[in-house]
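Undergrad: One structure, pasted below without further comment.
Below, the structure is given as structure tokens:
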């Protein structure tokens, strides 16, 4: 997912490296949404955006579309936010029948094309895969993914057991992208 996280942590407490030094900001593709359906008779698509806010997916003029396990570049000709969600018109797709072939495909962008977050802020996708430790140094596992719930955001850590940790400032001790680690105020037996 492509949500931001940040609570104004200082560089010292977050141990934020320079973005260019971190391999996690390389040219990997970050999934920002999914093609949910077709719209109209001119080949427009309905987009299920994972960005926050939802319309941010339209900030990118070039997407990568994943179909059949392969990513292909596409150009976004037009896009708009409606009361029911995001709509987009992709270059080369002119009919509903052509658009229908893309339903279910993932939408991504190169991580290098995304704006760098401010110090102390992170994209969730940059935190996925980090080693997760408790305050005492005990390994909890690895950050697998994030969930948004009515009660707030949750980070799912998988290790010997699965931990659902509230993703709030009080639970985050330190983020160190250069080392590939995040420390939580959490214990392995919780």
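Residue numbers (the numbering used here): 5 to 194. Using N, Cα and C, we set each Cβ at its ideal position, and we do this for glycine too.
1) If we count the other Cβ atoms within 10 Å of its Cβ and call it buried at 16 or more, is residue 129 buried or exposed?
2) Return helix, strand or coil for residue 97, following the three-state DSSP convention.
3) Once you ignore the five residues that flank residue 27 on each side, which residues in its own chain have a CB closer than 8 Å to its CB?
4) On the DSSP bridge assignment, give the partners of residue 154 in chain order.
5) Whose C-beta lies closer than 7 Å to the C-beta of residue 45 among residues of the same chain, with five residues either side of it excluded?
6) Taking one C-beta from the stretch 160 to 169 and one from the stretch 113 to 126 each time, how about it: are there three or more such pairs within less than 8 Å?
7) Sorted by chain position, which residues of the same chain lie with C-beta nearer than 8 Å to residue 193's C-beta, five sequence neighbours on each side aside?
TA: With the given structure in hand:
1) buried
2) coil
3) At residue 27 the pLDDT is 49, less than 50, meaning the model places this residue with poor confidence; the figure from the coordinates comes in the next sentence. No residues qualify anywhere along the chain.
4) Paired residues: none, contrary to the question.
5) 100
6) no
7) none
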